[in-house]
Amino acid sequence: MFTKEDFTQMEEHGVSLASVWAQLQNFQHGFPPLPVVRAASVGDGIRQLTPEQIDRAVDRYDREADRLRIVKFVPASGAATRMFKDLFDFVRDGHRNETVDCLLAHLEEFAFYPELRLQIPSDADDRTIVEYIVGRGLRYGETPKGLISFHRYGGEVRKAVEEHLVEGALYAASGGEVKLHFTVSPEHRARFEALLAQRVPIYEARYGVRYRISFSEQSPATDTLAVNPDFSPFRGEDGRLLFRPAGHGALLANLGAIEADLIFVKNIDNVTTDARKGDTIRYKKALAGVLLDLQAKIFQCLMALEVPGAQLEAIAEFIEKELCVKLPKDYNTALLREVLDRPIRVCGMVRNEGEPGGGPFWVATPRGLETLQIAESSQIAPDKKDLMRSSTHFNPVDLVCSFTTSKGGRFDLQKFVDPSTGFISRKSSAGRELLAQELPGLWNGSMARWNTVFVEVPVSTFSPVKVVTDLLRPEHKM
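Under this note's numbering, the first residue of the sequence shown carries the number 1075, and numbering increases by one thereafter.
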């Protein structure tokens, strides 16, 4: 099946033969559906904080922030191809659609219009205007979302990455310092660095903080082998194997390499304007405060378990009521310690209003536990799809996490991945069909064995940009 040249290619790519064989087995046997029990809901896996509880959580975070190492982690890899798909179609074949019509009708309302106006010819027709957005001109079709102009404040235009600078100053500062980490593609990194070198001094002066910005790239060693529909290795015209990026789950190593006590995780496109940031700031701090409170209690429980004759019933009650882990009746000290001694995350969940995305579910584990996980529709068996449709909340990718141990060390995040939760999808290359494999999603199977707590957050904290006309929504306009 593999040649000497293939082994050389694997070695150069940093992919082990054992990993390739495991991927081939996954293609042939598929991934089992997630053993979901029921959708989580308010009072059954999702905490709904009262205003007083929010105030206390925010106050705790504010009191402790300056002694913590805090990082804001933002996945920002890849070009915004899907955001401009309808525009590409129009440029290619002249086919107008609702997105194109809306864009052209409201062109002057987009934050990027002043830049566009300076570049398009005075006699440009509609197709030329759109071409100058996605192609020559702004080149947005090959630009990552972080470098697209999202918002306009009078004469000031901010790109998405700049809004993360602002957010960082408002809820992720520690001792006057704001640490942000962006995962970027190698081909885009220089553009990010150039923009931030120019803009960071402005925001430092405005908010009275110092930024410490770092970058990382998805390792080629996390790429997965593509196969033909018959599960044989897919080869290009040159006969070489095709390895493809394995989705956001490949960023687990990037996350795990960060030295921090507390890490905020949020997607690059989920930002809003200054006038609407209030709820985002308040609830981000509240999620962090909830985590700090739970982590302190976890560490106390672990310390108590070191003493012979520990009161297991009280610890089990904490695990079930506050960490939302359903224990078997025959639990013992070893199981309680195992459940407690894990990374922790507190995830915001938004009420379902028709937005796409995974949802919060109770999932059964082989150890007889029921835990909370974020599941995608593709992970749920066909006979349980009603559970997905009955879900009251969805995942906006709004989480705070910590992988500090009770002894002050760091967890090895790879030990808490559920490898059976990957994805297989149908793709194509040079017009040929192929099967592609993704690693367990970063906030799905990659964190399946973390302690997970869900907290309801308002929809005002969720303002993603999936298609270009989303920038016309109220949350992206002054």
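The C-beta atom is built at its ideal place from N, Cα and C for all residues, glycine as well.
Rounded to whole angstroms, residue 1438 and residue 1445 show a C-alpha spacing of 7 Å. Pairing residue 1420 with residue 1474 gives a Cβ-Cβ distance under 8 Å.
With fewer than 16 other beta carbons inside 10 angstroms of its own, residue 1385 counts as exposed.
Under the DSSP definition of a beta bridge, residue 1318 partners with 1298.
Shown here, residue 1525 sits in a strand according to DSSP, grouped into three states. When DSSP states are grouped into helix, strand and coil, residue 1227 belongs to the strand group.
In this chain, the beta strand (DSSP E) harbouring residue 1434 covers 1433-1438.
Annotated three-state conformation of residue 1122 is coil, per DSSP. Counting the other CB atoms within 10 Å of its CB gives residue 1232 a total of 16 or more, which places it among the buried residues.
Judged by DSSP in its simplified three-state form, residue 1340 adopts strand. With a minimum length of 4 residues, the unbroken runs of alpha helix (DSSP H) contained wholly in the segment 1360-1412 fall at 1386-1395. Residue 1507: member of the beta strand (DSSP E) spanning 1506-1512, first to last residue. Bridge pairing for residue 1110: 1437 [DSSP]. For residue 1447, the secondary structure class from DSSP, reduced to helix, strand or coil, is strand.
Within the segment 1236-1306, the runs of alpha helix (DSSP H) that reach at least 4 residues and sit entirely inside it are, in chain order, 1260-1281. Between residue 1355 and residue 1253, the gap from beta carbon to beta carbon reaches 8 Å or more.
For residue 1149, the uninterrupted beta strand (DSSP E) run begins and ends at 1144-1149, by DSSP. With fewer than 16 other beta carbons inside 10 angstroms of its own, residue 1095 counts as exposed.
Listed in chain order, the non-local C-beta contacts of residue 1333 below 7 Å within the same chain comprise 1143, local neighbours out to five positions each way being set aside. In the structure shown, residue 1464 adopts coil according to DSSP, grouped into three states.
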